[in-house]
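Participant: Converting from the sequence shown to the working numbering requires adding 47 to each position, the first position being numbered 1.
Heads up, the beta-carbon is just placed ideally off N, CA and C, and yes, glycines get one too.
Structure below; questions to follow.
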Amino acid sequence: MPRSKKPPLNRRGFLKGAAAGAAALVAKPSIAQPEAALQAGQVARPVTPLPSAALVAAETSPPPPRADVYTTDRPGSDFMLDVIKSLGFEYVAANPGSTFRALHESIINYGGNKSPELLTCCHEESSVGMAHGYAKIEGKPMMIMAHGTVGLQHASMAIYNAYADRVPVYIVIGNVADGPWRRSDVEWTHAVQDAALIVRDYTKWDDSPISIRQFAESAVRAYKVMMTPPMGPVVVVADAVLQEEPVAEEDRRRLHVPKLSVTSAPAGDPAAVADIAKILVAAENPLIVTGRSARTPNGLKLLIELAELLQSPVMDRRQRMNFPTRHPLYGTGNLGAADVVLALEVPDLWNVTHSQTPLNRMGMEVRPLTKEGAKIITISSMDLLMKSNYQDFGQYNEADIAIPADAEATLPLLIESCKKLITGDRKRVFDQRRGRYEEAAKKLHEQWLQQAAWGWDSSPITTARMSAELWNVIKNEDWSLVSDVVFQSWWPERLWDFTKHYQFIGGHGAYGIGYGAPAAVGAALANRKYGRLTVNIQSDGDLNYAPGVLWTAVHHKIPLLSVMHNNRSYHQERMFVADMAARAQRDVSRVDIGNAITEPNIDYATMAKAYGMFGVGPIENPADLGPALKRAIEVVKRGEPALVDVVSQPR
48 MPRSKKPPLN RRGFLKGAAA GAAALVAKPS IAQPEAALQA GQVARPVTPL PSAALVAAET
108 SPPPPRADVY TTDRPGSDFM LDVIKSLGFE YVAANPGSTF RALHESIINY GGNKSPELLT
168 CCHEESSVGM AHGYAKIEGK PMMIMAHGTV GLQHASMAIY NAYADRVPVY IVIGNVADGP
228 WRRSDVEWTH AVQDAALIVR DYTKWDDSPI SIRQFAESAV RAYKVMMTPP MGPVVVVADA
288 VLQEEPVAEE DRRRLHVPKL SVTSAPAGDP AAVADIAKIL VAAENPLIVT GRSARTPNGL
348 KLLIELAELL QSPVMDRRQR MNFPTRHPLY GTGNLGAADV VLALEVPDLW NVTHSQTPLN
408 RMGMEVRPLT KEGAKIITIS SMDLLMKSNY QDFGQYNEAD IAIPADAEAT LPLLIESCKK
468 LITGDRKRVF DQRRGRYEEA AKKLHEQWLQ QAAWGWDSSP ITTARMSAEL WNVIKNEDWS
528 LVSDVVFQSW WPERLWDFTK HYQFIGGHGA YGIGYGAPAA VGAALANRKY GRLTVNIQSD
588 GDLNYAPGVL WTAVHHKIPL LSVMHNNRSY HQERMFVADM AARAQRDVSR VDIGNAITEP
648 NIDYATMAKA YGMFGVGPIE NPADLGPALK RAIEVVKRGE PALVDVVSQP R
C-alpha cells in the first residue's frame, strides 16, 4: 500500500502550543475583578475556571512512547530470495509454517511466485520426497522449506532416503534462535538452539547463519557442497528474525549475492586408472557391476561404450538407469566365473560379492560368490563421504584397487586408456565373447516371457500380467517409470525396453516407506515440461504414509499415471514374520495379524477421487486392466494425474 505524502501530525508540537496557551491564561489579569464589579452594582459574570495543575501537567509532559510501526518495505527475506533466485531453483515445495512466513511472502509477492514457484504440500515428508524424485529426473535440485523443530522432524525420514541415495535436496528451515524474539509458548516449542542437529548425521552440510550477509554466503556454499559428487541433502537455517526485520538502507548497499561456481566432479587418479585398464584388457571374463554410475544421460552412454569396448557383461543393481535392459551385455554375466569385477558406484558391494544364510541373529553362514583369485576393483565417490552413526556404507569389502572418485567423471579416461591397450588379438577374443553373450541374452528374454505367462488369468492379478498390460499401452509413448521395480519382482525390467536415462530412476535409497508417491509426483513434475508420460507403479502400504501428495499433483496439474500394486499387505514384513514363525515351529497362518491391510479393504480409486483425481478400480479381473489403463492414459495426456487401483498378488 503506498504511503501518504501528507506530513504526519506533530503531536509533540501540538501539545507544546496547548501548554503555552494555558500558561498565558494563568499569567494574564482579568479586565474586571469580581469585587469591583459588585461594588459598581453590576451583575457578576461567571469566570472561566483556570486549568488545574494536573491538567497542565498532562498536557505539558512528554508524550507516551509512539506505537511501533509494523509495516516495512524491505524485509530481510527479500534479500534471501535474491540469493535463492541466483541458484536457479524452478520450484520450492513446502507445507506452510510460521518460522518461514516472511520468506513465504517474499516468494509469492516480491518474487512473483516464479523461479522458484511455490508448491503446496500436505506433509514435509512429501516435500522432500518430491524433491528427491525431481532431482533424479532433472539432474538439478529442488528447494524445500520446513517449519522449525516440528517440520524438520516430519521431513527427516525423507531426508535420510535422499542421503542414502546420494541425491541433492536443498532444505531451508525456519527457526527463532534468540529466545526474547519468540512470541509464545508455541514458538518456544518450535524453536531450537541447533536447528539442523537432528538431521546432521544424514545430510552433507548445514549452517545456521546469524546475519543476513552470512546467509548469502552460506546459501551459495550449501548449493556448491550439495552438487559436488557424492551429492546429498544440505540444510540452511533461515532465522525468522533475519527474515522479518527490515534491512537498513546503509546495510543494503553492502549486501552482495556471491557468484556460484559449481565444483567439477572428482575424477580418478590417471596412474590408478591406467592400472585398471591393463587388468580389464587382459581379463578373460570381466564383469562390470553398476549401482549409481550414470548420474546423467552421458553416464549411460559412457558405460555402454566401456562395456562394448571390452565386451564385458553388466550386472545392474537398478539404482539408476545405468544400462539398456535389452542390450546383449545386460544381465548375462556370471559373477562366479568373473576373473575381474569392476564395481562402479555400488553401495554395499559386500552383499553383491557374498551370499549369507542367517543361522540366528548372532551369526551368518557366509560364502563368497566370486571365484578364488578374482580381482575386485572399485570406483566410487561413496569413499569420499561417510558418516559414523548411520552406516549405510555396508560391510567392509576387500578390493585390489579402490579409486575414491566419481565413476562417471572417471570413465572417459578409463575408456581411452583401454583403447590404447587393445590389440588385434584381444579384439578377436572380445568379439568371441560378444557372440556368447548375445545367445545368452536371447535365451534369458525367452525365459522371462514364458515365466510371465504363469497365472496369466489369475485373480488377484499377477505382477507379471500387470507389468505386461502396462507395457502394452505405453511402449509407443515417450514414457518414464519413476518407481522401483523390486516389489514387482523386477517384471518391468524383464519385459520393458529401457533405453533412455530418464526411463528409470531407481528406488528409495534407505528403503524408508513413504517415498514412492511423493518421489513419483516430483519426477512427474520434472517430466512435465518435456511432455513425457510418467508412470508410477505404486505400492499400497507406501501410499498410506503420504496420500496427501495426490492432492498436490491435482492442484498443481502434474500429469502422472499411478498404477496401484494393491496386495493389501505389508508383504515384506509378512514374509519376515512367517520366517520367524517357521523358525520357532509355530502357526504360520497367523502372520497376517499386524501385516494385512484388510477389513476393511482400502478403495484407492475412491481415495484418488476424494483428492480430485481421476480414479478407476479396484480391478480384480485381469481382462479389465488393459481398458482401464487406456482410459487413465487419456486423462494423463490431458495434463492431469490419474490412478488405477489393481488388486494384485504380493510380488
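Taking only runs of the alpha helix (DSSP H) that begin and end inside the region 267-343, which ones reach a length of at least 4 residues, in chain order?
Facilitator: The region 267-343 contains these whole alpha helix (DSSP H) runs: 287-291, 296-299 and 317-329.
Participant: Please classify Leu517: is it buried, with 16 or more other beta-carbons within 10 angstroms of its beta-carbon, or exposed?
Facilitator: Here residue 517 is taken as the residue at index 470 of the sequence shown, counted from 1. Under this definition Leu517 is a buried residue.
Participant: Identify, in the order they occur along the chain, each residue of the same chain with its Cβ nearer than 6 Å to the Cβ of Ala487, setting aside the five sequence neighbours on each side.
Facilitator: Taking the sequence shown and counting its residues from 1, one reaches residue 487 at position 440. For Ala487, where only same-chain residues beyond five positions count, the Cβ hits under 6 Å are Thr379.
Participant: Which complete alpha helix (DSSP H) runs does the region 371-437 hold, if anything under 4 residues is left out?
Facilitator: For the region 371-437, whole alpha helix (DSSP H) runs of length 4 or above, ordered along the chain, are 397-400.
Participant: Pull up the distance between the alpha-carbon of Val139 and that of Gly569, whole angstroms please.
Facilitator: Position 92 of the sequence shown, counted from the start, is the residue given in the question as residue 139. Position 522 of the sequence shown, counted from the start, is the residue given in the question as residue 569. Going by the C-alpha atoms only, they are around 11 Å apart.
Participant: If you draw a straight line from the C-alpha of Arg260 to the C-alpha of Ala295, how long is it?
Facilitator: Taking the sequence shown and counting its residues from 1, the one referred to as residue 260 is at position 213. Taking the sequence shown and counting its residues from 1, the one referred to as residue 295 is at position 248. The straight-line gap from Cα to Cα measures roughly 13 Å.
Participant: Can you tell me whether DSSP reads Glu82 as helix, strand or coil?
Facilitator: What you label residue 82 is simply residue 35 of the sequence shown in a count that begins at 1. Any reading at Glu82 must be qualified, since the residue scores a pLDDT of 44, below 50, and its modelled position is unreliable; no value is offered.
Participant: For Ile680, report the span of its alpha helix (DSSP H) as first-last.
Facilitator: Start at 1 with the first residue of the sequence shown, and residue 680 comes out as number 633. Where Ile680 is concerned, the enclosing alpha helix (DSSP H) stretches over Leu672 to Lys684.
Participant: Express the C-alpha separation of Leu690 and Gly664 in angstroms, rounding to a whole number.
Facilitator: The count along the sequence shown starts at 1 and reaches residue 664 at position 617. The count along the sequence shown starts at 1 and reaches residue 690 at position 643. Each residue's Cα considered, the two are about 9 Å apart.
Participant: Is it buried or exposed for His555, if we count other Cβ within 10 angstroms and need 16 for buried?
Facilitator: The residue given as residue 555 occupies position 508 in the sequence shown. Buried, because 16 or more other Cβ atoms sit within 10 Å of the Cβ of His555.
Participant: Taking Val130 as part of the alpha helix (DSSP H), name the residues at either end of that continuous run.
Facilitator: Counting from 1 along the sequence shown, the entry for residue 130 is found at position 83. Where Val130 is concerned, the enclosing alpha helix (DSSP H) stretches over Gly123 to Ser133.
Participant: Apart from the five residues just before and just after Arg414, which ones in its own chain have a Cβ nearer than 6 Å to its Cβ?
Facilitator: Here residue 414 refers to the residue found at position 367 of the sequence shown. Cβ within range, chain order: Ser402.
Participant: Taking only three categories from DSSP, how would you classify Gly64?
Facilitator: On the sequence shown, residue 64 is found 17 positions in, with the first residue counted as 1. Caution is warranted here: a pLDDT of 42 is assigned to Gly64, below 50, making its placement in the model unreliable, and the coordinate value is therefore given only provisionally. DSSP places Gly64 in helix when its eight states are reduced to three.
Participant: If we count Cβ pairs, one from each stretch, closer than 8 Å, do we get three or more for the region 156-168 versus the region 129-145?
Facilitator: At 8 Å Cβ cutoff, the stretches touch.
Participant: When you compare only the Cα positions, how much space is there between Ile220 and Thr546?
Facilitator: For this step, residue 220 is matched to residue 173 along the sequence shown. For this step, residue 546 is matched to residue 499 along the sequence shown. Their backbone Cα atoms lie some 39 Å apart in a straight line.
Participant: Report all residues from its chain with a CB closer than 8 Å to the CB of Met411; omit the five preceding and five following residues, and keep chain order.
Facilitator: Residue numbering aside, residue 411 sits at position 364 when the sequence shown is read from its first letter. Same-chain partners within the cutoff: Gln403, Thr404 and Pro405.
Participant: Just to confirm, is the Cβ distance from Ala209 to Ser174 under 8 Å?
Facilitator: As a first step, residue 209 is located in the sequence shown; it is residue number 162 there, counting from the start. As a first step, residue 174 is located in the sequence shown; it is residue number 127 there, counting from the start. Not closer than 8 Å, so no.
Participant: Going by alpha carbons, who is nearest to Val399 out of Pro459, Leu432, Met611 and Ile335?
Facilitator: The residue labelled residue 399 in the question sits at position 352 within the sequence shown. Taking only the C-alpha atoms, the option nearest Val399 is Ile335.
Participant: By DSSP, does Tyr138 sit in helix, in strand, or in coil?
Facilitator: The sequence position of residue 138 within the sequence shown is 91, counting from 1. Here Tyr138 sits in strand by DSSP.
Participant: Looking only at its own chain, which residues have a Cβ that is under 6 Å from the Cβ of Thr457, when we skip the five neighbours before and after it?
Facilitator: To locate residue 457, count along the sequence shown from 1; it is residue 410. For Thr457, where only same-chain residues beyond five positions count, the Cβ hits under 6 Å are Ala314, Gly315 and Ile426.
Participant: Just to confirm the assignment, what range does the alpha helix (DSSP H) spanning Gln619 have?
Facilitator: Along the sequence shown, read from residue 1 onward, the residue named residue 619 stands at position 572. Gln619 -> alpha helix (DSSP H) spans His618 to Arg630.
Participant: Who are the near neighbours of Ala324 in its chain, counting only those whose CB is closer than 8 Å to its CB and skipping five residues on each side?
Facilitator: On the sequence shown, residue 324 is found 277 positions in, with the first residue counted as 1. The answer, listed in chain order, is Leu461, Ser464, Cys465, Lys467 and Leu468.
Participant: Would you call the region 123-132 in contact with the region 154-161, where contact means no fewer than 3 C-beta pairs closer than 8 Å?
Facilitator: Enough Cβ pairs lie closer than 8 Å, so yes.
Participant: Which value, in whole angstroms, describes the spacing of the CA atoms of Arg28 and His303?
Facilitator: Absent from the model: residue 28. The displayed extent of the chain is 48 to 698, so no value can be given.
Participant: Round the Cβ separation of Ser133 and Leu307 to the nearest angstrom and send it over; I've been treating them as touching at under 8 Å.
Facilitator: For this step, residue 133 is matched to residue 86 along the sequence shown. For this step, residue 307 is matched to residue 260 along the sequence shown. Right, the Cβ-Cβ distance comes to about 7 Å (below 8 Å), so this counts as a contact.
Participant: Quick one: measure Cβ to Cβ for Asn574 and Ile184, integer angstroms, because I've assumed they're closer than 8 Å.
Facilitator: Looking up residue 574 in the sequence shown gives position 527. Looking up residue 184 in the sequence shown gives position 137. About 6 Å separates the two Cβ atoms, so the contact holds.
Participant: Just to confirm before moving on: does the CB-CB distance between Ile257 and Ile218 stay below 8 Å?
Facilitator: For the purposes of this step, residue 257 is identified with residue 210 of the sequence shown, where counting begins at 1. For the purposes of this step, residue 218 is identified with residue 171 of the sequence shown, where counting begins at 1. No; because the gap between Cβ atoms is not below 8 Å, this pair is not in contact.
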